[in-house]
Amino acid sequence: MNTFLKYSATALLPLALLTASCGNNKTNGGTDTTTTKPAAPRVAAPAFAYDSAYAHIKTQVEFGPRVPGSVAHGKCAEWMTEKLKSYGLTVTVQEAPISLPNGQPVRMKNIFAAFKPERADRILLLAHWDSRAMADRDTARKTEPIDGANDGASGVGVLIEIARVLQLKDPNIGVDILLVDAEDQGNNGSEDSWCLGAQYWAANKPANYNPRFGILLDMVGGQNPVFPREGNSYILASHVQDKVWSAAAALGFGNIFINEQTGPTTDDHVPLNKIAGIPTIDIVHYDTDQNDYFPHHHRHTDNLSVIDKSTLKMVGTVVLDVVYNENPVAPVK
Ligand SMILES: [Zn+2]
91 MNTFLKYSAT
101 ALLPLALLTA
111 SCGNNKTNGG
121 TDTTTTKPAA
131 PRVAAPAFAY
141 DSAYAHIKTQ
151 VEFGPRVPGS
161 VAHGKCAEWM
171 TEKLKSYGLT
181 VTVQEAPISL
191 PNGQPVRMKN
201 IFAAFKPERA
211 DRILLLAHWD
221 SRAMADRDTA
231 RKTEPIDGAN
241 DGASGVGVLI
251 EIARVLQLKD
261 PNIGVDILLV
271 DAEDQGNNGS
281 EDSWCLGAQY
291 WAANKPANYN
301 PRFGILLDMV
311 GGQNPVFPRE
321 GNSYILASHV
331 QDKVWSAAAA
341 LGFGNIFINE
351 QTGPTTDDHV
361 PLNKIAGIPT
371 IDIVHYDTDQ
381 NDYFPHHHRH
391 TDNLSVIDKS
401 TLKMVGTVVL
411 DVVYNENPVA
421 PVK
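Here the numbering used here is used: the first residue of the sequence shown is 91, the next is one more, and so on.
Quick look at the structure:
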């Protein structure tokens, strides 16, 4: 996550944008009469097991910092691959040689797990799985890698639990889980040095892979969360942001998924939008009062002790609600 960019301005979205009608108004037979089609009742998604999501975060942290090229990184990649396979997903690991911003050559690993890969109608869920090689926002041990319990592991933990849920109740749509590498090794002031895994994946995705939309999770397990409407998501995929924020509000989380817009941030959703052409949003903890990410961002204190299970439950519940209410167009196989 790029800390350099653009968080100076926040602004309230015009109310009209936030309350865009979901109903269908139609005119009957050339008269002036209009009727409003009642909204279909929402499908109840299966329960999200936040204890499992927490356990998945703990497992990742216990490998050690998942810095690309490290032993912990290799072990974590193997564990995530096997875990997703154990839930019946079809897993592909995309490896490529890349250079980190410090010049170090490493093998990057993006992990792509498909639920019902034969289905045409699909949704993409993603998170980065690497952890930052330096604690550059800390006051001590600035050159040492961080645990990245929230910044990295939390999104992965939520998505692995979602993979488990998919096999329990068919959402009647294809779902892909993409765990991208080398998001968080960038240099402030160099936008392209971030999101290396997502950049590579977006430039090399199969030509016929066109999910309806993507949802990126980043820092989704911290205490006292605030999820405002991130600026690039609003600019590039506002209809997806509306869908997710509406679901959160309907579930009673409108005080956390707030209708306040932040400045644009550089995160993995940007190459997905701009290179892959997949409308993708970012759910990312950003405190609009502090004009900053969660308080342990890129510090050694981003460890297991700052993970809040109730935040994991909320985010997992919102994403599952969106997934299970996304009706397919094509007949479901
Ligand atoms: Zn980060």
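Glycine included, each C-beta is placed from N, C-alpha and C at the ideal position.
- Residue nearest to residue 334 within the set 408, 195 and 234 is 408 (criterion: CA-CA distance).
- Inter-residue distance for residue 302 and residue 275 is about 29 Å (C-alpha atoms, whole angstroms).
- The beta carbons of residue 290 and residue 198 sit about 6 Å from each other, so the pair counts as a contact at 8 Å.
- Residue 308 and residue 422 have their C-alpha atoms roughly 31 Å apart.
- Straight-line measurement puts the Cα of residue 420 at about 42 Å from the Cα of residue 394.
- Rounded to the nearest angstrom, the gap between the Cα atoms of residue 257 and residue 177 is 7 Å.
- At least one heavy atom of ligand 1 lies closer than 7 Å to the C-beta of residue 388.
- Setting aside the 5 residues that flank it on each side, residue 330 is surrounded in the same chain by 303, 304, 305, 323, 369, 370 and 371, each with a C-beta closer than 8 Å to its C-beta; the list follows chain order.
- Contact check for residue 250 against residue 146 passes: the beta carbons are separated by less than 8 Å.
- DSSP, read as helix, strand or coil, puts residue 282 in helix.
- In this structure the segment 257-274 lies against the segment 200-213, because at least three pairs of beta carbons, one per stretch, are closer than 8 Å.
- Membership of residue 410 in any beta strand (DSSP E) is not indicated; the residue belongs instead to the alpha helix (DSSP H) covering 399-414.
- Taking every protein chain shown into account, the CB of residue 140 has 16 or more other CB atoms within 10 angstroms, so this residue is buried.
- Annotation for residue 271 indicates a beta carbon at 7 Å or more from all heavy atoms of ligand 1.
- Around residue 404, the same chain offers 343 as residues with beta carbons nearer than 6 Å, after the five sequence neighbours per side are excluded.
- In the displayed model, residue 153 falls within a helix according to three-state DSSP.
- Following the DSSP letters along the chain, one finds residue 274 in no beta strand (DSSP E), marked with neither H nor E.
- DSSP places residue 185 outside any alpha helix (DSSP H); the residue lies instead in the beta strand (DSSP E), whose first and last residues are 180-189.
- Judged by DSSP secondary structure, residue 327 falls within the alpha helix (DSSP H) whose first and last residues are 321-340.
- Distance from the C-beta of residue 237 to the nearest heavy atom of ligand 1 is not below 7 Å.
- Per the DSSP secondary-structure output, residue 199 pairs in a beta bridge with 185.
- Between ligand 1 and the CB of residue 241, the shortest heavy atom gap is smaller than 7 Å.
- Following the DSSP letters along the chain, one finds residue 304 inside the beta strand (DSSP E) bounded by residues 304-308.
- In this structure, ligand 1 has no non-hydrogen atom nearer than 7 Å to the beta-carbon of residue 319.
- A direct Cα-Cα distance of roughly 9 Å separates residue 156 from residue 236.
- Judged by DSSP secondary structure, residue 250 falls within the alpha helix (DSSP H) whose first and last residues are 244-256.
- Here the C-alpha atom of residue 413 lies approximately 7 Å from the C-alpha atom of residue 261.
- For residue 373, the pairing in a beta bridge is given by DSSP as 307.
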